Amino acid sequence: MFDWHKYLNLAQELSEKDDEEFKRSAISRAYYSAYCNARNFLESKGLGLIPGKKNDHQAIWNAFSKLKGADLVSIATTGDRLKQKRKKADYDDRINNLDKITKRAITEAETINSIINENL
Numbered sequence: 000m001f002d003w004h005k006y007l008n009l010a011q012e013l014s015e016k017d018d019e020e021f022k023r024s025a026i027s028r029a030y031y032s033a034y035c036n037a038r039n040f041l042e043s044k045g046l047g048l049i050p051g052k053k054n055d056h057q058a059i060w061n062a063f064s065k066l067k068g069a070d071l072v073s074i075a076t077t078g079d080r081l082k083q084k085r086k087k088a089d090y091d092d093r094i095n096n097l098d099k100i101t102k103r104a105i106t107e108a109e110t111i112n113s114i115i116n117e118n119l
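So for the sequence shown, numbering that gives the first Met the number 0 puts the first residue at 0; every next one is plus one.
What follows is the structure in structure tokens.
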């Protein structure tokens, strides 16, 4: 099975490059590290969602708002914020404060992954 934490490592490497395409890719990789770890966590708890369901990403983040424990519930908000950053990186022609957004995306992904690891 693929280790989704490797995407976060890649995001960190990409974020150190100066060119915009690397920063945008870093945001996307950070997001997918957190998203896939979150999805797998829910599946490991018997809370998996139907594959291919429309709005699958939002459903994953929403599922965390229904769990017990403030740290797990916080993943819902953090994951949604990270998703918005990923959408901006993937679709917007212009992004202001890209360095700041990239760093924040990596921090949010690290936070999500850390909470998940603590609750396995």
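All residues carry an ideal CB built from backbone N, CA and C; glycine is no exception.
It should be emphasised that the depicted structure is a prediction, and the values quoted were computed from it without experimental measurement.
Option in the options with minimal Cα separation from residue i
i     : options                    : result
GLY78 : ASN118, ALA33, GLY45       : ALA33
ASN96 : GLN11, LEU9, GLU19, ASP2   : GLU19
LYS82 : ASP98, LEU66, LYS65, ASP55 : ASP55
PHE1  : ASN39, ALA10, GLU15        : ASN39
Cutoff 6 Å; reference residue i; Cβ partners in own chain excluding five residues on either side
i     : result
ASN36 : TRP3, ASN112, ILE115
LEU48 : ALA58
TYR31 : TYR6
Cβ neighbours of residue i in the same chain (closer than 8 Å, five flanking residues each side left out)
i     : result
SER43 : LEU119
LEU13 : PHE21, LYS22, SER24, ALA25, ARG28
Close Cβ partners of residue i (< 7 Å) along its chain, the five nearest in sequence each way excluded
i     : result
ARG80 : GLU107
LEU46 : ALA62
Taking one C-beta from the segment 97-108 and one from the segment 65-73 each time, how about it: are there three or more such pairs within less than 8 Å?
no
Can you list, in chain order, the stretches of the alpha helix (DSSP H) that have 4 or more residues and sit fully within the segment 27-85?
55-63
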